[in-house]
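Visitor: I am attaching a structure below and will ask some questions about it afterwards.
Residue numbers (the working numbering): 109 to 204.
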């Protein structure tokens, strides 16, 4: 198999993210239904891990000059996914 073109690599990244998002949300929904307290604890740990990694990226500048902007953009996208996994509606968050 030959090397993928740049747009093909972007498609791989986009589809991978989508599949991981769907799997994460499905797993969270099953956990919330079976063990709500355990689901809340597990999701809180996962959210903290994301926060820690993004904070470290900003502090260390590990993604180059745009590290902070990259970390913020990733955080926003991850926040949307995690809100969905928690069953939080975006309109409810806006009303709060």
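Here a beta-carbon is modelled for each residue, glycine too, at the ideal position from N, C-alpha and C.
Using 8 Å as the cut-off, can you tell me whether the stretch 165-172 makes contact with the stretch 127-141, which would need three or more C-beta pairs spanning the two stretches below that distance?
Guide: Taking 8 Å as the limit for Cβ pairs, the verdict is that the stretch 127-141 does not touch the stretch 165-172.
Visitor: Taking just the CA atoms, how far does residue 194 sit from residue 144?
Guide: Going from the Cα of residue 144 to the Cα of residue 194 covers about 10 Å.
Visitor: Among the residues of its own chain, which have a CB less than 7 Å from the CB of residue 182, if the five just before and after it don't count?
Guide: The answer, listed in chain order, is 162.
Visitor: What beta strand (DSSP E) runs, 3 residues minimum, are completely inside the stretch 156-184?
Guide: Runs found: none.
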